[in-house]
Ligand code: CP
């Protein structure tokens with residue numbers, strides 16, 4: 008069916024939020040509204056309908072205080088495909104260097120007539136703080152190790168696309184769980200949609216307290232491999248650590264890198280995901296990253312569709 012005949016012109020009554028701050032606060036129904044809408048937007052991209060003018064007259068600003076390739080670019084593309092104007096804020100060349108605060112910076116940008124602020128910040132809770140202080144919509148593009156909701160959504164969209172449903176699948180997040188906002192958003196989203204989630208990595212990066220909310224934890228990738236349907240391989244976030252969580256990168260790779268030998272011990276149809284950036288040879292070898300079971304670049308494609316869905320829901324015309 009062509010998307011010409013599908014209705015995504017207005018925001019459905021089931022969506023009432025002005026912000027997207029995290030997946031922890033969303034219901035399974037709200038997550039499904041976003042994912043179903045993203046599927047439609049992906050279809051428009053496949054039909055090469057480059058412009059879906061739902062946000063004409065709206066302005067979105069990328070307010071990134073941390074580096075980004077995928078999230079920043081895909082939010083800009085998503086906003087433009089919806090007909091919105093986009094502005095890119097660069098923290099390093101801004102008046103933050105003259106002592107202006109985070110809130111004052113955001114309020115000044117909002118005063119120029121901005122409808123949506125997309126914020127990435129190293130401090131957990133920064134997007135919530137903006138939502139409390141601004142009148143426009145706020146989207147969390149990653150706040151420290153807390154949440155990265157659109158990454159969680161695009162990961163879940165990719166699983167749903169490949170497997171039809173998330174319910175009943177065993178999904179393992181492997182690596183630096185302690186510092187991973189991607190892990191947290193995936194955990195909330197996947198659990199709400201009925202998946203069994205395992206967090207796996209060195210004991211310095213995986214807390215047994217995950218069991219308190221029904222998440223299985225393991226320190227051995229080799230032990231969990233045979234029963235996993237989806238592996239999401241996380242980067243070690245050295246930039247968020249004060250001391251090394253393991254003796255050497257080589258030892259980490261020996262125990263946790265997904266490589267050809269380990270692939271031979273998985274289910275044949277295991278799905279390999281990674282949020283990117285990937286460190287080839289550390290958490291994943293090139294043979295696996297570029298292999299038939301990998302959906303890493305599909306995740307990136309789905310990121311544009313998910314971000315179109317989120318932008319159109321928080322800033323679109325209500326029914
Ligand atoms: N996955 C992700 O957030 O990538 P970027 O840091 O490049 O945006």
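Residue numbers (our numbering): 8 to 326. Using N, Cα and C, we set each Cβ at its ideal position, and we do this for glycine too.
Helix, strand or coil for residue 275 per DSSP? coil
Cβ-based neighbour list, residue 185, same chain, cut-off 6 Å, excluding 5 preceding and 5 following: 212
Within 7 Å: the Cβ of residue 186 and any heavy atom of ligand 1? no
Got a sec: does ligand 1 put a non-hydrogen atom nearer than 7 Å to the Cβ of residue 75? yes
In whole angstroms, give me the CA-to-CA distance for residue 234 and residue 274. 7 Å
Does residue 193 pass the burial test, meaning 16 or more other C-beta atoms within 10 Å, or should it be called exposed? buried
Would a C-beta distance cut-off of 8 Å place residue 38 and residue 200 closer than the cut-off? yes
Bridge partners of residue 207, per DSSP? According to DSSP, which records beta bridges pairwise, residue 207 is partnered with 181 and 225.
Proximity of residue 322 and residue 44 at Cβ, strictly below 8 Å: no
Would you kindly report the start and end of the unbroken beta strand (DSSP E) that includes residue 66? 66-71
Buried or exposed, going by whether 16 or more other CB atoms sit within 10 Å of the CB of residue 60? exposed
So what does residue 97 bridge to, in DSSP terms? 71
Any chance the stretch 115-128 sits against the stretch 58-72, with 3 or more Cβ pairs inside 8 Å? Yes, they touch.
For residue 37, three-class secondary structure by DSSP: helix
Hey, is the stretch 300-320 in contact with the stretch 46-65, meaning 3+ C-beta pairs nearer than 8 Å? yes
As a quick exercise: from 118, 148, 142 and 117, pick the residue whose alpha carbon is nearest that of residue 132. 148
Spell out the partners DSSP gives residue 270 in its beta bridges. In DSSP, residue 270 forms no bridge with anything.
In the DSSP assignment, find the unbroken beta strand (DSSP E) run with residue 115 in it and report its ends. Unbroken run through residue 115 is the alpha helix (DSSP H), 109-117; no beta strand (DSSP E).
CA-to-CA distance, residue 95 to residue 102, given in whole angstroms: 15 Å
Own chain partners of residue 22 with C-beta closer than 6 Å, once the 5 adjacent residues on each side are dropped: 40 and 320
Can you tell me whether DSSP reads residue 300 as helix, strand or coil? coil
Distance, Cα to Cα, residue 255 vs residue 109? 37 Å
In terms of residue numbering, what span does the alpha helix (DSSP H) encompassing residue 166 cover? 156-170
Which stretch, first to last residue, makes up the alpha helix (DSSP H) that contains residue 255? Per DSSP, residue 255 lies in no alpha helix (DSSP H) segment and is marked neither H nor E.
DSSP three-state label for residue 238, please. strand
Below 8 Å on the Cβ atoms is my guess for residue 25 versus residue 144; work out the distance and round it to an integer in Å. 5 Å
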